[in-house]
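A.B. asks:
Chains as they are written, first to last, in this note's numbering: chain F, 1 to 314; chain V, 1001 to 1505.
Laid out in structure tokens, this is it:
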């Protein structure tokens, strides 16, 4: 049992932390890939921008470094690394009594780093190591949370945020490569293929599973259906289902169209689907996106913004 | 990461380095006319400051500066900040914190403690009386209009049952030490006193900054405050709910004391709620949880009276809970402190506290008041107007160092302007002689300098009254300044209450 507002904040800490990590990694991969001056590099930049919802006009007239700088620091942009960390920290401040000191210090330190007067200078001097340090600190946050917080209800909401955000981010990345949108980016080149794997932090696990034989079909299969890789959509949806099942056990609102039912359905679909199913990858990806939004709404209706009339004591 | 590591280093270094470099002694100041906490008038070190003074002489200025920096870093990392609103939006700042503790010998504390308990007992009896039979008013000890006409008097509280007659559960009195070395009470804070988290955070820091000195001095612990607070709050509901659900009610993350609200909730292990988390149904209070509504029994509120219930008090408040006061009237929830306690820390009622103690307890006040002139009395008003250059004048309703005139430090024009204000509304003003607060050593720009300090101990009253052996010492960081409020550039330092009276005892 915890305050609905607190559950909401913990859920958003998870989402923002995951978003900050993904954006940092995307930025880093994009910067490294665009050191090469060829078509594949352009494709990678377009793909990275497309996967965060920006079509390539975002790059217009700007160097990749400028575009990445915006992705990291732009304060008005609701999806920049700095904004995500600031919001995660603001949410953490609101539930300061619910998270351990060790966890709080990690996110507070990150916030102080990305908002310090030297942040942009450090980024300008060594952008790759700046991003690398942020990713490492975000991992420390997750590690501190894992190792010091009770794995109870609050933890469940935190992880729910992490996995739901991750499922949506990876789905969007894959959608940019394999979706049925007109402008989707073809993955013909080896450089582009490894870049996509790097953006999902999947290169090394992929190599162990499929060897260095990188093919778009295997890549898609790995990021959609792999059971063990923590950033595959199947893995994340299984975790979402797991956490929701545990959280719903306490709720008085069971028996309705709860979020755990939606999550179970999505999870089962990914477990038993295969690549050659009638509709193809685009259909699976858009189903994942739609189901994740529905789960998000159902979490709100069940745990956070429920109508009071249904819960008043008789 | 680096911060944590260097803290560990400091902690170890002090115990290892014993060799003092005699050539690099820091410069100590010569005590001035006023009472100094460390130096006696003849320049000798007071015995209870012995171990700290020795330590101060063995540390080089650069080491002191290092420790000060480490201290500030650790406050920033922990998020012990308050919010300052300025031109460029809101900025978070740490409250300036001085690394040298202020030390109070055991016997002196004994006196303070009994004095504080006596005072709070009398004030709680006074509140029960003025919201009950009003005997003290009928007997003419305190003027009737002064109490019943005060804006902080809550008619809604008349005739309500308050367990143990504990209207004030948490009290943070302000004490000062004058030139004669005697502690007196400057102000009773009976509404929603704050600062206790700084007492605890300062203690945490000073243990790491001066571990050896701390051990050698024999300091009484303050760390039990959160569980004593919880016990106090629970005792307020004990006669009707066996295991009451306690919550801390905060105005929210934008309040300047938010850190403290979260800190206390965390250390008590109770939910930190905002007004929007609570619902009143059928005169019972519930909080919205992930599993539905759950009953709330005791609310430790850090929201002012005016804002706790828009149906009873200020209509435009969005910080409170609609219907909360009715639930309180019905006896279904405890609000701590009770609404309406502010009338007893009114600056005009303050002048009557010695009589109030005498009236209810038949005792003389152990801790004296500061001599206070009430401008509502014509004879005292003319005295005040004639001596504005020697007096401190305060508006009765204001706090936080606002709306006051420090006569000796003001210009003639400022005094004239204030005189007009007093003459226009004499009921609203009181005046006190300017007290030279005692000074304590502080680190200012790498130098050890005397700064004026006050003392805010914390008293808890539920079934019984407990005083935590420690306090927040507030520091006026500007040279010569007498204003210690954090909203006016004040800082704070840790306060060590010793078991004995120093190394000799």
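For glycine and all other residues, C-beta sits at the position ideal for the given N, C-alpha and C.
Compute the distance between the beta-carbons of residue 1498/V and residue 1218/V, then report whether it is under 8 Å.
C.D. replies: Here residue 1498/V refers to the residue found at position 498 of the second chain. Here residue 1218/V refers to the residue found at position 218 of the second chain. For residue 1498/V and residue 1218/V, yes; Cβs fall inside 8 Å.
A.B. asks: How would you list, in chain order, the residues of chain F whose beta-carbon sits under 8 Å from the beta-carbon of residue 1277/V?
C.D. replies: Translated into the one-based positions of the second chain, residue 1277/V becomes position 277. Those are 3, 4 and 5, listed as they occur along chain F.
A.B. asks: Alpha carbon to alpha carbon, what distance is there between residue 196/F and residue 44/F?
C.D. replies: Along the first chain, read from residue 1 onward, the residue named residue 44/F stands at position 44. Along the first chain, read from residue 1 onward, the residue named residue 196/F stands at position 196. Taking the straight line joining both Cα atoms gives about 8 Å.
A.B. asks: For residue 1276/V, which of 1079/V, 1415/V, 1284/V and 1252/V has the nearest alpha-carbon?
C.D. replies: As a first step, residue 1276/V is located in the second chain; it is residue number 276 there, counting from the start. Here the closest residue by C-alpha is 1252/V.
A.B. asks: How close, in whole Å, do the beta carbons of residue 1257/V and residue 1194/V come, if the pair is a contact with beta carbons under 8 Å?
C.D. replies: Within the second chain, numbered from 1, the residue matching residue 1257/V stands at position 257. Within the second chain, numbered from 1, the residue matching residue 1194/V stands at position 194. Indeed, because the Cβ distance is near 5 Å, the residues count as touching under 8 Å.
A.B. asks: Can the beta-carbon of residue 13/F be found less than 8 Å from the beta-carbon of residue 136/F?
C.D. replies: Within the first chain, residue 13/F is the residue found at index 13, counting from 1. Within the first chain, residue 136/F is the residue found at index 136, counting from 1. Taking 8 Å as the Cβ cut-off, residue 13/F and residue 136/F do not qualify as a contacting pair.
A.B. asks: Less than 8 Å between the C-beta atoms of residue 105/F and residue 1272/V, yes or no?
C.D. replies: Against the first chain, residue 105/F aligns to sequence position 105. Against the second chain, residue 1272/V aligns to sequence position 272. Not closer than 8 Å, so no.
A.B. asks: Using a C-beta cutoff of 8 Å, does residue 1294/V count as contacting chain F?
C.D. replies: Here residue 1294/V refers to the residue found at position 294 when the second chain is read from its first residue. With 8 Å as the cut-off, residue 1294/V counts as an interface residue toward chain F.
A.B. asks: How many angstroms separate the CA atom of residue 33/F from the CA atom of residue 65/F?
C.D. replies: Stepping through the first chain from its first residue, residue 33/F is reached at position 33. Stepping through the first chain from its first residue, residue 65/F is reached at position 65. Looking at the two C-alpha atoms, the distance is approximately 11 Å.
A.B. asks: May I ask which residues mark the beginning and end of the alpha helix (DSSP H) holding residue 1258/V?
C.D. replies: Numbered from 1 along the second chain, position 258 holds the residue referred to as residue 1258/V. Start and end: 1258–1268.
A.B. asks: Can you tell me the Cβ-Cβ gap for residue 1116/V and residue 1459/V, rounded? I've got them flagged as a contact below 8 Å.
C.D. replies: Mapped onto the second chain, residue 1116/V falls at position 116. Mapped onto the second chain, residue 1459/V falls at position 459. Indeed they touch by this definition, with Cβ atoms about 5 Å apart.
A.B. asks: Smallest Cα separation from residue 1483/V: which of 1449/V, 1467/V, 1406/V and 1469/V?
C.D. replies: To locate residue 1483/V, count along the second chain from 1; it is residue 483. For residue 1483/V, the nearest C-alpha among the options comes from 1406/V.
A.B. asks: Should residue 1387/V be labelled buried (16 or more other beta-carbon atoms within 10 Å of its own) or exposed?
C.D. replies: Looking up residue 1387/V in the second chain gives position 387. The residue in question, residue 1387/V, is exposed, as its Cβ has fewer than 16 Cβ neighbours within 10 Å.
A.B. asks: Beta carbon of residue 1122/V, beta carbon of residue 1357/V: below 8 Å?
C.D. replies: For the purposes of this step, residue 1122/V is taken as residue 122 along the second chain, with counting starting at 1. For the purposes of this step, residue 1357/V is taken as residue 357 along the second chain, with counting starting at 1. Yes, these two residues count as a Cβ contact at 8 Å.
A.B. asks: Where residue 1472/V and residue 1200/V are concerned, what is the direct C-alpha to C-alpha distance, given to the nearest angstrom?
C.D. replies: Taking the second chain and counting its residues from 1, one reaches residue 1472/V at position 472. Taking the second chain and counting its residues from 1, one reaches residue 1200/V at position 200. If you take the alpha carbons of residue 1472/V and residue 1200/V, they lie about 9 Å apart.
A.B. asks: Give, in chain order, every unbroken run of the alpha helix (DSSP H) that is at least 4 residues long and sits entirely within the segment 1346–1388 of chain V.
C.D. replies: With a minimum length of 4 residues, the continuous alpha helix (DSSP H) runs that stay inside the segment 1346–1388 of chain V are 1347–1350, 1353–1361 and 1378–1386.
A.B. asks: Could you run through the segment 1066–1083 of chain V and flag, in chain order, every residue whose CB is less than 9 Å away from some CB of chain F?
C.D. replies: Under the 9 Å Cβ criterion, the segment 1066–1083 of chain V contributes 1076, 1077, 1078 and 1079.
A.B. asks: Check whether the Cβ atoms of residue 1439/V and residue 1034/V sit closer than 8 Å, and answer yes or no.
C.D. replies: Within the second chain, residue 1439/V is the residue found at index 439, counting from 1. Within the second chain, residue 1034/V is the residue found at index 34, counting from 1. Yes, the pair counts as a contact, with Cβ atoms nearer than the cut-off.
A.B. asks: Check whether the segment 1449–1457 of chain V touches the segment 1169–1189 of chain V, counting contact only when three or more Cβ pairs, one atom from each stretch, lie closer than 8 Å.
C.D. replies: Yes: the two stretches touch, three or more of their Cβ pairs being nearer than 8 Å.
A.B. asks: Note down the Cα distance separating residue 1118/V from residue 1365/V, rounded to an integer number of angstroms.
C.D. replies: Stepping through the second chain from its first residue, residue 1118/V is reached at position 118. Stepping through the second chain from its first residue, residue 1365/V is reached at position 365. Near 8 Å, if we compare the C-alpha coordinates of residue 1365/V and residue 1118/V.
A.B. asks: Which parts of the segment 1411–1435 of chain V are runs of the alpha helix (DSSP H), unbroken and 4 residues or longer, counting only runs that do not cross its ends?
C.D. replies: Here the runs fully enclosed are 1412–1424.
A.B. asks: Going by alpha carbons, who is nearest to residue 159/F out of 194/F, 238/F and 110/F?
C.D. replies: As a first step, residue 159/F must be located in the first chain, where it is residue number 159. If we check each option's Cα against that of residue 159/F, 238/F comes out closest.
A.B. asks: If you measure beta-carbon to beta-carbon, which residues of the segment 129–156 of chain F are closer than 8 Å to chain V?
C.D. replies: From the segment 129–156 of chain F, only 153 have a Cβ closer than 8 Å to chain V.
A.B. asks: Taking the straight line between their C-alpha atoms, what separation do you get for residue 1372/V and residue 1404/V?
C.D. replies: Counting from one through the second chain, the residue named residue 1372/V turns up at place 372. Counting from one through the second chain, the residue named residue 1404/V turns up at place 404. Approximately 14 Å between the Cα atoms of the pair.
A.B. asks: Helix, strand or coil for residue 1081/V per DSSP?
C.D. replies: Within the second chain, the letter at position 81 stands for residue 1081/V. Three-state result, residue 1081/V: strand.
A.B. asks: With 7 Å as the limit, tell me which residues of the segment 1256–1272 of chain V have their beta carbon closer than that to any beta carbon of chain A; keep them in chain order.
C.D. replies: Going by chain labels, chain A is absent from the structure shown, which instead holds the protein chains F and V.
A.B. asks: DSSP puts residue 1496/V in a beta bridge; with which residues?
C.D. replies: Residue mapping note: residue 1496/V aligns to position 496 of the second chain, counting from 1. According to DSSP, which records beta bridges pairwise, residue 1496/V is partnered with 1103/V.
A.B. asks: Taking the beta carbon of residue 313/F as the centre, do at least 16 other beta carbons fall within 10 Å, making it buried, or is it exposed?
C.D. replies: Position 313 of the first chain, counting from 1, holds the residue named residue 313/F. With fewer than 16 other Cβ atoms within 10 Å, it is exposed.
A.B. asks: Under 7 Å Cβ-Cβ, which residues of chain F neighbour residue 1287/V?
C.D. replies: Within the second chain, numbered from 1, the residue matching residue 1287/V stands at position 287. Those are 3, listed as they occur along chain F.
A.B. asks: On a Cα-Cα basis, can you pick out the residue from 1131/V, 1444/V, 1166/V and 1302/V that is closest to residue 1319/V?
C.D. replies: As a working mapping, residue 1319/V is identified with position 319 in the second chain. Taking only the C-alpha atoms, the option nearest residue 1319/V is 1302/V.
A.B. asks: So, is the C-beta of residue 1209/V closer than 8 Å to a C-beta in chain F?
C.D. replies: On the second chain, position 209 is the one that residue 1209/V refers to. No, because no Cβ of chain F sits closer than 8 Å to the Cβ of residue 1209/V.
A.B. asks: Leaving out the 5 sequence neighbours to the left and right, which residues in its chain are closer than 7 Å to residue 1222/V when beta-carbon positions are compared?
C.D. replies: As a working mapping, residue 1222/V is identified with position 222 in the second chain. Counting only Cβ-Cβ distances below 7 Å, and skipping sequence neighbours, we find 1199, 1200, 1203, 1468, 1469 and 1470.
A.B. asks: What are the residues in the segment 75–98 of chain F lying within 7 Å of chain V by C-beta distance?
C.D. replies: Of all residues in the segment 75–98 of chain F, 93, 94, 96 and 97 have a Cβ within less than 7 Å of some Cβ in chain V.
A.B. asks: What are the start and end residues of the beta strand (DSSP E) that includes residue 132/F?
C.D. replies: To locate residue 132/F, count along the first chain from 1; it is residue 132. Careful: residue 132/F lies outside any beta strand (DSSP E), inside the alpha helix (DSSP H) at 127–148.
A.B. asks: Quick one: what does DSSP say residue 1458/V is sitting in, helix, strand or coil?
C.D. replies: Here residue 1458/V corresponds to residue number 458 of the second chain, with the count starting at 1. Residue 1458/V falls in the coil class under three-state DSSP.
A.B. asks: Just checking: is the beta-carbon of residue 1291/V within a distance shorter than 8 Å of some beta-carbon in chain F?
C.D. replies: For the purposes of this step, residue 1291/V is identified with residue 291 of the second chain, where counting begins at 1. So yes, residue 1291/V belongs to the interface.
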